[in-house]
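> Residue numbering for the sequence shown follows my numbering, beginning at 734 and increasing consecutively.
To start, I am sharing the structure in question, which I have written as structure tokens.
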Amino acid sequence: MSTPSGDSKAKSPNVLEAILAKYAGEEGAVIAILQEVQAAYGYVPPEAIETIADSLRLSPSQVYGVLSFYNEFTTVAPGKKILTVCNGPTCRIRGGTRIEDLVRETLGVDEGETTDDGEYTFKTSACLGLCAHAPSIQVNHDLVGRMTVGKAEMVLRGDDVDAVRGGQ
């Protein structure tokens with residue numbers, strides 16, 4: 734079995750094999766496997782698709798069909814920082830569109846893309862669940878509410894999220 738190559742978050746070259754061993758021959762486990770692979774690597778490496786398919790006795794197109802159907806999965810390595818701007822109605826009304834435009838312009842990427850240097854991936858979300866503190870963004874797993882253009886600039890400069898939250 735081959736393993737994904739390149740720079741990944743996986744600690745061991747045997748991560749994929751260990752995940753597949755847990756689900757040996759279980760055709761219905763494709764989603765669970767994809768979730769675990771993405772958790773381990775930060776994405777589902779395209780070169781892992783055939784290995785996953787072989788282990789489940791599926792065609793690569795069947796695995797890819799599941800992978801591409803669910804937007805939780807990605808085959809593109811994420812940046813070191815994932816910036817997710819809330820697009821919910823409350824955030825948009827309270828200035829979220831300005832934050833989104835600033836992120837897009839500063840990073841020079843569109844939604845779903847990663848900067849050329851691999852530092853940032855820009856995403857949007859239908860709702861981050863922080864409506865009472867709108868507008869909000871998420872930096873990796875950290876939520877930041879009451880976002881302003883100034884705070885967004887701090888995030889984009891690489892300031893610590895706790896420092897950005899300071900005014901809350």
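Glycine included, C-beta positions come from ideal geometry on N, C-alpha and C.
Since residue 802 is in the beta strand (DSSP E), which residue starts that stretch and which ends it?
Residue numbering aside, residue 802 sits at position 69 when the sequence shown is read from its first letter. Here residue 802 belongs to no beta strand (DSSP E); instead the alpha helix (DSSP H) covers 793-802.
> Considering residue 869, what are the terminal residues of the beta strand (DSSP E) in which it resides?
Working through the sequence shown from its first residue, we reach residue 869 at position 136. Run containing residue 869: none; DSSP gives neither H nor E here.
> Let's see if you can read the secondary structure: which residues bound the alpha helix (DSSP H) around residue 774?
The residue labelled residue 774 in the question sits at position 41 within the sequence shown. Here the alpha helix (DSSP H) through residue 774 covers 763-774.
> So residue 773 and residue 821 are in contact, right, with Cβ under 8 Å, and what is the actual spacing, rounded?
Walking along the sequence shown from the start, residue 773 turns up at place 40. Walking along the sequence shown from the start, residue 821 turns up at place 88. The Cβ separation is near 30 Å, so there is no contact.
> Measuring only the C-alpha atoms, how far is residue 784 from residue 814?
The residue given as residue 784 occupies position 51 in the sequence shown. The residue given as residue 814 occupies position 81 in the sequence shown. Each residue's Cα considered, the two are about 28 Å apart.
> Would you say the beta carbon of residue 750 comes nearer than 7 Å to a heavy atom of the ligand GTP?
Ligands displayed in this structure: none; no statement on the ligand GTP is therefore possible.
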